[in-house]
Structure formats: C-alpha cells, structure tokens
Amino acid sequence: MAVATEPKQKAPRRKKTSGLLRSEQRLAYWLLVPTIVILIAIAFYPLGSVFLKSFTNDTFASAVETEWVGLQNYSDLLSVTFAELPPEIDPATGEQVIDPETGEPEFLSSVEVLPREPRRYKDVFTFGLFGSQYVLGATDPDFILSIFDTMVFTVTTILFEVLLGLGIALALNTAFPGRGFMRAAMLVPWAILTAVSSRIWEWMFIDTRAGFFNVIFQRLGLSDGQTPWLADETFQLPAAIVIDVWKTTPFIALLLLAGLALIPGELYEAAEVDGASKWRQFTSITLPLLKPTLAVALVFRTLDALRVFDLFQIVFAQKKYSMASFAYYQLIDSQALGYSSAASVIIFVIITVFAFLYIRGLGITSD
Amino acid sequence: MTDAAVQRAATPTRAAVTTARKPRVRWKRVGFWALIVLIAVFLLFPFYWAINSSLKTEAQLQMTPATFIPRDPVTNDISVTFQNYKAVFQNDAFVRSLRNSALVATSVTVLSLLIGAFAGFALGKLRFKGKALSLYLILSMTMFPQVAVLTGLYAVILNLGISAIPSMILSYMLFTLPFTVWVLTAFFQALPDDLLQSAQVDGATPFQSFRMILLPLTAPALVTTGLLAFIAAFNEYLFALTFTTIEPNARTVPVAIALFSGEIARQEPFGEIMAAAVLVTIPLILLVLIFQKRIVGGLTAGAVKG
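Here the protein sequences line up with chains B and Y, keeping their order.
So the first sequence is residues 1 to 367, counted in the numbering used here.
So the second sequence is residues 368 to 673, counted in the numbering used here.
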C-alpha cells in the first residue's frame, strides 16, 4: 500500500496551514483512540496476561494456590527424545524374534525404552530406518503430535489449494457461456460457515454406507463400505485436508482470477505472434505476473491453516488435535489455564516466525 | 455484439477452412466442458448432499447404500419429507442461536465500521507523526492468531463476570477491526486530496469534511467491508464456543450447529443437522451472490493490498 506521508501542498500555503496541521494532527490522534483502546483491551493486554500465566500452574476452580513454575509448562509441552528400539531377542535361540504372520522382525515396545524418570516420556510415533526401529518420545505426545499434524495439514492443504486454485482460475479465465454461473458457484464453499461445512463433510465421511464416501469407495470396489474415515488414524489427516481444500480452493481461485484479469491481453497476443507455445506463455507471462497474487494467497492461507480450529474440533473432537484445538481442550476440559497459556504462546511464536519468514522471503513490504 | 458472439460466429468458418483440425477442436471443446462440469460438481456437490440428506426421514438416512435423491426404502420411489425442517424450527436452542448470531454479527459490524472509518480516515487522509508505525501495527494485527489470546480473554471475562454476548461482540473486533481499518484506509487514500483541501478553504474543519464529503463517498467501501466483517463474525467459532461454555443460552449458530442435538437424546440427528445447515447457508449464499462483485473486490483489496 502506498502511503503518502509528504504533504502535497504548494510552498506559499504552508505557513497558513501550519495551524491547521496541528489541529489535523490532534484530530488524527482522537480518531485513532477508539481503535487503539479496543486493540489494547482485546489483544495486547490478554496477550501479555497469557504470556505471564504461561509461567504459572494456574488452574480454574482449583484448591491449589497458583505458583510460578518457571519454564515447567514449556518443558512439559516440548520435551522430546529419540531412542532406538532394540530388537526383541528370543531367549531360547538368541536371535531376533520374527513375527510369524508378517515375517517382519520384532522390536521391543517403546514403553520399555523411553525414560520414565524423572518424567515419563510416551511415544509420539515409531518409524523404521535402514532396518532399525526408532521411537520419538515426548512428555506430552498429544501436543507434539498436534504440531506435527498441523504442519502436515498446512503444507499439504496449501499445495493442493494453490495447484487446484490455479487450475480452476485458468479454466474460468476464458470467455464461455456459463462463466457467470461458475463464478457464482465458486462463492458457495466460501460462503458456507466452517462449522456447517465441517458437519456436512462429517456426515459424508460417516463410517457406514449411509455416508457418501463409503458408498463411492464400495461401488468402485476399493473398500467394504465400512471405512471409519474419521476414527482411523490413517485417514484422519487426509480427510481433514480434503475438507479444507474444498472450502478454501475457491477462495484462492478467486484471488488468482482477479490477478489474471490484471495481466494485459496484448502480452499473449504478442507471444502468439512470436509463435510461443501455450506452455511457454504460461511459464513466461502468466506465472511471473501472477507471482504477487500467489504470494499474498500463500501468506494468508499459511497463517490461516496454522491456526486451524473449527474443522479439527468439530470433526475430530479429542480424537485428533490441531495446535489450536489442543490449547482449547487444555483450557476448557482440563481447566489448565497456565498449561494452555504456554501452548498458546508456542502457537503464537510459531505463527509469528512463519509470518516473518514469509514477509522476508517474498519481499512484501508496506509499500 | 460481444466479443464472444463475434468469436462464435467466426469459429465455424475457420473450422471449415481447416477441416483437418476440426476433430481436434471438437475434442478440445468436449474436454473443456468436461473440466467445467467437474469443477462445478466439486464446488456444489457437498451442499447438494446436505440438501438431499435434509429431505430424508431417519429411515431413509439409514438406508445403505445412501441414495442420491431421497427415495422410499420399500418402493424405491422418490419421497421427500420436510419433517427435519419442521423440527429445526421447533428447536428452541437453534432458533435462539439465530437471534444471538444476528445480534452479535450486526453489532460487531456496526461498531467496526464506525470505529474503523474514524481510524481509516486518520490513516488515509490526515498528516500526523507515527502514521507509518500505526499502519504497520494494523497490518500485523490482521494476521493475529485468535488462539493466542484465548486463555487471557477467557480469564478476564470470568473474573469481571461479563456475559457471553457482549464478550463476543467486543472480542470479535480482534479480527474485524484491523481488517476494516486497513481496507478503509486504502479507500480514503484513493479519494483525491483536493476534496479535503477545497473543503478546508471553504472553512470546513477536517472532521466536517470527513463527515459530509468523504464519508458519503466511501459508502460502497463501507458496504463491502461491512459485509465481510459480518460474515467473519457470523462464522466465528473458537471464541463463541469458549465463552458460551457456561452460558448455553448465548450460543451462536456455528456453536449450535456443532453441538446440535435433537428433541430426544439419541445418536446424532444428521437429518436435522443438514436441514439446519441448509437453512443457515441459503441466506448467506443469497447475500454473497447479490454482492458478488463487491465481495470479490473487497477480498482482493484486503488481500492484494497486503
């Protein structure tokens, strides 16, 4: 945004306006007071109190006196450890036990490997690498997993949304009968409340053949029609991604359509004359000129996706957390004001870091 | 005569000249329309599924496989029921949530526009020290994550005993106000400086010229930003869910739909939930369609200016 701070007045009038200038400045401050007061009351003061509370063990309706606990909440939320799972040795043969059904070598369970003192680490997930098994343990596996899941959710949804949005925008950027209808249709997912779309998709994903997806997958012979999409760990994140992609792709496509409209048609005509292929036109004209719009869409969507709450809370409740829904359940269900505050501060820091990186990386300035 | 019409008139002749290319062109057209239909289905199908489900009885909803239009379980004839809609209208909690949402969203919109127009005028048209800093602050606030202040706000509200509806009205300005200020600043800036200056020459104070000249000129911008603020406030879920935890009567529409329960406690009444979903969505879609151009303009102004 271009901000003209320099007065554009002619020199002779400057003297006369200096009194006006002072009254103008005073008026400006008065006009800004309500905005500033409200933002202090609902943003800066609560943010400060969240920060302070994050160092306490404050709990609602608790008999325990609130105390400063230093970094305890942060260390409980963020402590992680990696460990290699030793192979399970058969005492009779002295060799590694092999699962008779799958033929896979077996390893000791993570409970036996992860430290229990002074604090107990529980497993977040285990993974195999070069024939060994490793486990990631954390003192609060739910929170670590919620960070991990939110990151996967963010990266995947944005990838799909930008690619699909670009495709839709390019398809609709031609003149054809019914273009108005399509543009209107694009506003439908955007206009639907997130809570409403979450409920609609929850119903479409229901675990019997009363649900749309189980009907389709069964008809295509891909499943028995009883897949618990929202309860099965394997399908939870993909389902969340599908829901968000549906809801948000049209928004990206609308932004990109507006961006496409700004590209002068002569550029394509000139390229056509020069015999440039459609693909060449796309990579040399469309993409570079669309970059600013893409950048803005990317920033807005990333910051939005990182704080996703509605979708996860409504569709998964406590079966799967996003960072924000984790903080919510700590506050409301566990009444753990201090602990939830620490989680909020971590989320705030993560989002701020992303915003900074973006603004640096994409060269977005206030100008 | 539009360009499209000219093009359509021109196409057959060109196609006739290059007969060899004709089938390719036709396949291209078929492919294009297939793509358009695919996109339309992708965009509209979930809402269609909600309408379809809302017109089914409980027995029809439990039919496996689910039917794509409401059908009678026995005869398989098309059979539509409006009982879900009737039930939703008789559901006090839901009707109350509509009133609550209307109250909250309208108040937030009016307050944001009023306060935002003041700030937007100051930032867009007046000269004062600290303007660049204020603009930066407002811009960074448009990206502020609500969840970061959740515990802080909730503690304040509980300690001061503020009831849920005023809490929501006040706290929603966290996301509507910075956005409104930002967009209105841009609009005020776009108005010619001469307007303000000639008014000053005529002896009008800056505030008078704001109220009588500039504010009427920004009416279209106020409509657009107001609409977007209204939709954002109507959509809000995190604060609404948290603040109404101990005050179920203050629940707004998103919370009511998320926690929807039927008259008789049973498993999730998806027929009624879908009916409620359709009822809430239709006015919003109409609103969005009527103001389509403005909304797209406002969204891109809010975003592209960033």
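C-beta: ideal position from N, C-alpha, C; glycine also.
Is the number of C-beta pairs between the segment 257-268 of chain B and the segment 214-227 of chain B that are closer than 8 Å three or more?
-> no
How would you call E104/B, buried or exposed, if buried means at least 16 neighbouring beta carbons within 10 angstroms?
-> Looking up residue 104/B in the first sequence gives position 104. That one is exposed.
F55/B versus A342/B - alpha carbon distance = Counting from one through the first sequence, the residue named residue 55/B turns up at place 55. Counting from one through the first sequence, the residue named residue 342/B turns up at place 342. Answer to the nearest angstrom: the Cα atoms are 7 Å apart.
Quick one: grab the DSSP three-state call for E84/B.
-> Walking along the first sequence from the start, residue 84/B turns up at place 84. The answer is strand: DSSP assigns E84/B an E or B state.
Cβ of P583/Y within 8 Å of any chain B Cβ | In the second sequence, the residue the question calls residue 583/Y occupies position 216. Judged by the 8 Å Cβ criterion, P583/Y is not in contact with chain B.
Any C-beta of chain Y under 8 Å from that of S340/B = Position 340 of the first sequence, counted from the start, is the residue given in the question as residue 340/B. At least one chain Y Cβ lies under 8 Å of S340/B.
Alpha-carbon to alpha-carbon, L517/Y and L605/Y | Residue numbering aside, residue 605/Y sits at position 238 when the second sequence is read from its first letter. Residue numbering aside, residue 517/Y sits at position 150 when the second sequence is read from its first letter. Going by the C-alpha atoms only, they are around 8 Å apart.
Does any CB atom of chain B fall closer than 8 Å to the CB of G398/Y?
-> What you label residue 398/Y is simply residue 31 of the second sequence in a count that begins at 1. Not an interface residue.
Look up G137/B in the DSSP assignment and give the residues it is bridged to.
-> Within the first sequence, the letter at position 137 stands for residue 137/B. Per DSSP, T81/B, D123/B.
Give me the Cα-Cα distance between P559/Y and A61/B, rounded to the nearest whole angstrom.
-> In the second sequence, the residue the question calls residue 559/Y occupies position 192. In the first sequence, the residue the question calls residue 61/B occupies position 61. Answer to the nearest angstrom: the Cα atoms are 58 Å apart.
Between the segment 320-338 of chain B and the segment 608-619 of chain Y, are three or more C-beta pairs nearer than 8 Å?
-> yes
Within this structure, are the beta carbons of A184/B and L257/B separated by less than 8 Å?
-> One-based indexing of the first sequence puts residue 184/B at position 184. One-based indexing of the first sequence puts residue 257/B at position 257. Contact: no.
Beta-bridge partners of F312/B, as assigned by DSSP = The count along the first sequence starts at 1 and reaches residue 312/B at position 312. Answer is none; F312/B lacks a bridge partner.
Nearest to G487/Y by CA position, among L589/Y, F658/Y, A623/Y, F601/Y, is which residue?
-> Walking along the second sequence from the start, residue 487/Y turns up at place 120. Closest option to G487/Y, Cα to Cα, is L589/Y.
By Cβ distance, which residues of its chain are closer than 8 Å to D149/B, with the 5 residues on each side in sequence left out?
-> Residue mapping note: residue 149/B aligns to position 149 of the first sequence, counting from 1. So the list reads L237, K320, Y321, S322, once near-sequence residues are dropped.
Compare the beta carbon distance of T612/Y and V471/Y with 8 Å and say whether it is the shorter of the two.
-> As a working mapping, residue 612/Y is identified with position 245 in the second sequence. As a working mapping, residue 471/Y is identified with position 104 in the second sequence. Their beta carbons are not under 8 Å apart, which means T612/Y does not touch V471/Y by this criterion.
Under three-state DSSP, which class holds Q281/B?
-> Within the first sequence, residue 281/B is the residue found at index 281, counting from 1. Residue state, collapsed to three classes: helix.
CB L311/B to CB A240/B, shorter than 8 Å?
-> As a first step, residue 311/B is located in the first sequence; it is residue number 311 there, counting from the start. As a first step, residue 240/B is located in the first sequence; it is residue number 240 there, counting from the start. Yes, the pair counts as a contact, with Cβ atoms nearer than the cut-off.
Measure the CB-CB distance between S565/Y and L32/B and report whether it falls below 8 Å.
-> As a working mapping, residue 565/Y is identified with position 198 in the second sequence. As a working mapping, residue 32/B is identified with position 32 in the first sequence. No. Outside cutoff.
Residues bridged to L222/B (per DSSP) = The residue labelled residue 222/B in the question sits at position 222 within the first sequence. L222/B pairs with nothing; no bridge assigned.
Let me know the secondary structure DSSP gives W416/Y once reduced to three states.
-> The residue given as residue 416/Y occupies position 49 in the second sequence. W416/Y falls in the helix class under three-state DSSP.
Members of the segment 197-213 of chain B near chain Y, C-beta cut-off 8 Å = S197, S198, R199, I200, W201, W203, M204, I206, T208, R209, A210, G211, F212
For Y521/Y, return the contacting residues in chain B, with the cut-off set at a CB-CB distance below 7 Å.
-> The residue given as residue 521/Y occupies position 154 in the second sequence. In chain order: L331.
Is L262/B helix, strand or coil when you go by DSSP?
-> Your numbering for residue 262/B matches position 262 in the first sequence. Here L262/B sits in coil by DSSP.
With a Cβ-Cβ cutoff of 8 Å, do P432/Y and I445/Y count as a contact?
-> For the purposes of this step, residue 432/Y is identified with residue 65 of the second sequence, where counting begins at 1. For the purposes of this step, residue 445/Y is identified with residue 78 of the second sequence, where counting begins at 1. In this structure, I445/Y does not lie closer than 8 Å to P432/Y by Cβ.
What is the rounded straight-line gap between the Cα of Q575/Y and the Cα of V315/B?
-> If you number the second sequence from 1, residue 575/Y lands on position 208. If you number the first sequence from 1, residue 315/B lands on position 315. So the alpha carbons of these two residues sit roughly 52 Å apart.
Under a CB-based cut-off of 8 Å, is L589/Y close to chain B?
-> Residue 589/Y sits at position 222 when you count from the first residue of the second sequence. Output row for L589/Y: interface = no.
Would you please state the rounded distance, in angstroms, between the beta carbons of S421/Y and A642/Y? I believe it to be under 8 Å.
-> As a working mapping, residue 421/Y is identified with position 54 in the second sequence. As a working mapping, residue 642/Y is identified with position 275 in the second sequence. Right, the Cβ-Cβ distance comes to about 4 Å (below 8 Å), so this counts as a contact.
If we cut at 8 Å on Cβ distances, does P12/B have a partner in chain Y?
-> The residue given as residue 12/B occupies position 12 in the first sequence. Its pLDDT being 47, under 50, P12/B is placed unreliably in this model, and the coordinates cannot settle the point.
Can you tell which of G497/Y, I640/Y, F412/Y, M540/Y has its C-alpha closest to the C-alpha of Q25/B?
-> Along the first sequence, one-based indexing puts residue 25/B at 25. Among G497/Y, I640/Y, F412/Y, M540/Y, the Cα nearest to that of Q25/B is on G497/Y.
If we call anything under 8 Å between Cβ atoms a contact, is P91/B one with K122/B?
-> As a working mapping, residue 91/B is identified with position 91 in the first sequence. As a working mapping, residue 122/B is identified with position 122 in the first sequence. Cβ atoms of P91/B and K122/B: not closer than 8 Å.
Roughly how many whole angstroms lie between the Cα atoms of G265/B and T286/B?
-> Sequence index remark: in the first sequence, residue 265/B carries index 265 (1-based). Sequence index remark: in the first sequence, residue 286/B carries index 286 (1-based). So the two alpha carbons sit approximately 11 Å from each other.
To the nearest angstrom, report how far apart L654/Y and T81/B are at their CA atoms.
-> Start at 1 with the first residue of the second sequence, and residue 654/Y comes out as number 287. Start at 1 with the first residue of the first sequence, and residue 81/B comes out as number 81. So the alpha carbons of these two residues sit roughly 52 Å apart.
Does the separation of the CB atoms of T509/Y and L551/Y fall below 8 Å?
-> Reading the second sequence from its first residue, position 142 is the one you call residue 509/Y. Reading the second sequence from its first residue, position 184 is the one you call residue 551/Y. For T509/Y and L551/Y, no; Cβs fall outside 8 Å.
Which term fits T157/B, buried or exposed, when burial requires 16 or more other beta carbons within 10 angstroms of its beta carbon?
-> Position 157 of the first sequence, counting from 1, holds the residue named residue 157/B. So T157/B counts as buried.
In three-state terms, what does DSSP make of P91/B?
-> Here residue 91/B refers to the residue found at position 91 of the first sequence. P91/B: coil per DSSP, three-state reduction.
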